[in-house]
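Structure, as structure tokens:
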Amino acid sequence: MSNLSRSSTVGLQERPEDPGMQRSINWPGAFWIASGVPALVLFSIGSIAATVGAISPLIWALSVVIGLMQSFVFAEIAGLFPRKSGGASVFGAMAWAPYSKFVAPISVWCNWLAWSPVLTIGSGLAAGYLLTALFPADAAINTWSVQLVDLGFLKDGLALRFNATFLIAAAFLLLVFALQHGGILRAARVQTVVGIAVLVPLLVVGLVPLLTGDVASANFTPFAPLSGAWDLDGFTLIAGGLFLAAWSAYAFETSICYTSEFKDPAKDTPKAIFAAGLLCLLAYTLVPFTFQGALGVERLSTDGIVNGNEVGAAMADMVGGGAIVGNLLVVMLILALLLTIMTTMAGSSRTLYQGSKDGWLPRYLGRTNTNGAPTRAMWTDLGFNLILLLMSDYIFVLASSTVCYMIFNFLNLNAGWIHRKDRADTPRPWRAPTVMIAAGTVLAFFNALLLGWGANVWGPGALITGLVFAALIIPVFCYRHFVQDRGVFPASMYDTGDERDDIGSDARTGADPAGDRVITSGPPIKRAGLLPYLTLAGGVVTVVIGQILSNMSG
């Protein structure tokens with residue numbers, strides 16, 4: 000059967016005016032693009048210590064181990080779609096699509112909503128570091144603020160406001176946008192340099208207290224939740240800690256957002272995610288342990304560490320440096336935050352782009368520039384985060400986006416076994432051990448439990464706010480699917496790249512030589528029966544159980 004006839008069985012042809020992604024990087028490039036993930040530990044290291052107490056290093060270690068176990072599922076399903084970008088949410092959506100048009104786009108949407116606020120939090124913290132370093136705390140530039148909207152009904156003290164932090168953070172976002180505009184290869188080269196400049200000092204700060212003997216065992220006692228006992232109240236705090244830590248510690252899955260830009264996706268995809276996972280395993284076990292061992296829970300729980308403004312000073316104290324070392328560490332922290340912003344803009348914009356190409360999100364997002372950068376999606380990311388930057392409480396933003404992230408994880412971890420059933424005959428360049436697919440399913444329900452049990456630890460409106468944000472995809476998808484596409488998915492949606500002789504890059508241009516072939520396979524045969532629907536029902540029940548446990552705690 001010709002490719003044209005196969006395309007017509009699914010729907011519309013891809014728009015030829017889109018230059019598309021370019022196969023120009025290998026797995027080290029994706030590794031360095033994802034190298035901003037270890038720095039995410041600094042976003043919430045104080046908040047988690049203040050919430051769970053002396054056991055916070057255990058929370059971080061458990062969370063990153065869970066993330067590493069989940070990566071086996073993501074590595075396998077990514078190999079099924081070597082011509083798609085956007086990451087695990089896109090690959091997972093393809094498992095749910097035959098069973099519900101409305102569940103599948105939730106996967107893509109929730110992943111984007113989970114990742115995109117990194118731009119807000121990272122740029123806001125970087126702006127705060129810069130203002131703190133240059134001006135006294137009581138300087139007018141640090142204190143002036145104009146309140147625009149009171150959001151106290153969501154959380155006490157929450158508001159939209161305009162201040163100097165907003166202006167500087169917006170400038171940082173525009174800088175990152177300019178760097179990303181040149182395409183994935185240039186972005187990877189820049190992030191390699193910045194990544195080395197950030198990760199080496201971060202790991203040094205993590206090692207020095209161990210080598211100098213400044214990690215005090217007293218800072219880990221009593222080794223119990225902040226409530227003082229391993230009871231229901233204590234486990235509720237643990238659930239809250241694991242819930243928030245997941246947003247950072249699972250996040251290295253972003254390394255597979257670039258499958259359609261890998262020169263050899265079959266080999267590069269698993270190498271990228273496992274290399275990034277091992278780096279995060281080191282960072283998320285070492286840094287929280289030494290921070291707490293050197294500083295103690297009381298210091299970590301201070302407002303300056305929780306809001307991030309005094310992290311640089313704390314790191315200087317850990318290595319015994321003076322003002323010069325402190326200033327150098329502030330510069331390193333700003334670079335670290337810019338690195339996380341670059342990581343996020345690269346990944347989240349590709350999720351929007353592929354979501355548009357596959358028919359989940361509005362058409363205008365599905366275009367790249369001549370460098371292969373999804374600039375329309377990048378502008379959308381930028382605009383959305385300029386609004387979030389107006390919010391006065393970034394931790395609330397983080398908690399609400401983590402709700403979406405847990406929904407994404409639940410759907411995509413279950414996508415592993417659905418793909419095993421429905422796409423049993425589709426070639427898999429890398430196949431996870433079956434026990435890890437099963438473990439991923441168990442972890443999916445564990446994440447659902449954390450969603451119900453731990454979200455409201457961070458504010459009574461966190462869970463409902465996140466669920467409302469997640470539900471916003473329904474009208475967006477209905478407009479795209481039923482109004483723009485008249486109920487027919489684009490031809491590229493079911494492309495699995497089965498004909499693999501042409502997946503490599505063109506030696507001269509780096510472009511995908513298969514640009515004239517839109518699709519190589521159609522919808523899968525539905526073999527899972529009622530199991531996906533029962534899984535969704537089970538997920539809802541698990542969240543409700545978590546809520547009951549949360550309400551029962553003191």
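Going by numbering that gives the first Met the number 0, the first residue of the sequence shown is number 0, and it counts up by one from there.
Idealized CB from N, CA, C, for every residue including glycine.
Across which residues does DSSP place Q146 in a beta bridge pair? Checking the DSSP bridge columns, you'll see Q146 partnered with R160.
Assign G205 to one of three DSSP states: helix, strand, or coil. Under the three-state reduction of DSSP output, G205 falls in the helix class.
Please say whether M405 and N446 have beta carbons closer to each other than 9 Å? Yes. Within cutoff.
Per DSSP, the bridge partner or partners of M390: Residue pairing by DSSP places M390 opposite L159 in a beta bridge.
For the alpha helix (DSSP H) containing T343, list its first residue and its last residue. Run containing T343: A322 to K356, per the alpha helix (DSSP H) assignment.
Would you call the CB atoms of F90 and N411 closer than 9 Å? Their beta carbons are under 9 Å apart, which means F90 touches N411 by this criterion.
Would you decide whether S7 is buried or exposed? Buried here means 16 or more other CB atoms lie within 10 Å of its CB. Low local confidence applies: a pLDDT of 38 at S7 is under 50, so the model's placement there is unreliable, and no value is given.
Reducing DSSP to helix, strand and coil, say where G52 ends up. Residue state, collapsed to three classes: strand.
Relative to the C-alpha of E297, which residue among V64, I32, S549 and S55 is closest? The residue with the shortest Cα to Cα distance from E297 is S55.
Proximity of G121 and L336 at Cβ, strictly below 9 Å: Closer than 9 Å, so yes.
Exposure label - T220; buried when at least 16 CB within 10 Å: A residue is called buried once 16 or more other Cβ atoms fall within 10 Å of its Cβ, and T220, having fewer, is exposed.
So does the stretch 66-77 actually touch the stretch 381-390, counting three or more Cβ pairs closer than 8 Å? Short answer: they don't touch.
V286 classed as buried or exposed, judged by whether at least 16 other C-beta atoms fall within 10 angstroms: With 16 or more Cβ atoms within 10 Å of its Cβ, V286 is classed as buried.
For V189, which residues of its own chain have a beta-carbon under 6 Å away from its beta-carbon, when the five flanking residues on both sides are left out? A distance below 6 Å between beta-carbons, with the five flanking residues on each side excluded, links V189 to the following residues of its chain, in chain order: L178.
For P224, three-class secondary structure by DSSP: Reduced to three states, the DSSP call for P224 is strand.
Assign I24 to one of three DSSP states: helix, strand, or coil. In the structure shown, I24 sits in a strand (DSSP, three-state: E or B).
Tell me the start and end of each unbroken alpha helix (DSSP H) in the stretch 32-103 that is at least 4 residues and wholly inside, in chain order. Listed in chain order, the complete alpha helix (DSSP H) runs (minimum 4 residues) inside the stretch 32-103 are 40-51, 55-77 and 87-95.
Where does the unbroken alpha helix (DSSP H) through G239 begin, and where does it stop? For G239, the enclosing alpha helix (DSSP H) begins and ends at L231 to A248.
Separation of L118 from L172, as counted between CA atoms: The alpha-carbon separation between L172 and L118 amounts to approximately 7 Å.
Let me check one thing: in DSSP terms, what residues is F261 bridge-paired to? Answer is I24, bridged to F261.
Output needed for D511: all residues of its chain with C-beta closer than 6 Å, excluding positions within five of it in sequence on either side, in chain order. Model confidence at D511 stands at a pLDDT of 40, short of 50, so the residue's coordinates are unreliable; what they give is reported in the following sentence. So the qualifying residues of the chain are R22.
Using C-beta distances below 7 Å, list every residue in its chain close to A293, excluding the 5 sequence neighbours before and after it, in chain order. Cβ within range, chain order: P208, D213, V214 and M317.
To the nearest angstrom, report how far apart P426 and W457 are at their CA atoms. Whole-angstrom Cα-Cα distance: 43 Å.
Is the stretch 297-312 touching the stretch 34-47 in the sense that three or more CB pairs, one from each, lie closer than 8 Å? Cβ pair count under 8 Å is three or more, so yes.
Measure the C-alpha to C-alpha separation of V402 and I167 and round it to an integer number of angstroms. A direct Cα-Cα distance of roughly 28 Å separates V402 from I167.
For the alpha helix (DSSP H) containing V434, name the first residue and the last one. The continuous alpha helix (DSSP H) containing V434 extends over residues T433 to G453.
Helix or strand or just coil, what does DSSP make of F152? Coil at F152, not helix or strand.
Under a CB-based cut-off of 9 Å, is D484 close to chain D? The chain inventory of the structure shown lacks chain D, comprising one protein chain alone.
Does DSSP put V214 in a helix, in a strand, or in coil? V214: coil per DSSP, three-state reduction.
Starting from V117, trace the alpha helix (DSSP H) both ways and give me its first and last residue. Element bounds for V117: P116 to L133.
If we ignore side chains and look at the alpha-carbon of each, how far apart do S34 and G486 end up? Within the model, the alpha-carbon separation for S34 versus G486 is close to 40 Å.
Return the CA-CA distance between V148 and A158, expressed in angstroms with no decimal places. Their backbone Cα atoms lie some 6 Å apart in a straight line.
Tell me the DSSP secondary structure of A187 in three-state form. In this structure, A187 counts as helix in the three-state DSSP scheme.
Whose C-beta lies closer than 7 Å to the C-beta of G311 among residues of the same chain, with five residues either side of it excluded? Correct list, in chain order: Y128, G325, L328, V329 and L332.
For G358 versus F488, is the C-beta distance shorter than 9 Å? Contact: yes.
Using the rule of at least 16 other Cβ atoms within 10 Å of the residue's Cβ for burial, across every protein chain shown, is I555 buried or exposed? Any answer about residue 555 is impossible in this case: the structure gives the chain only from 0 up to 553.
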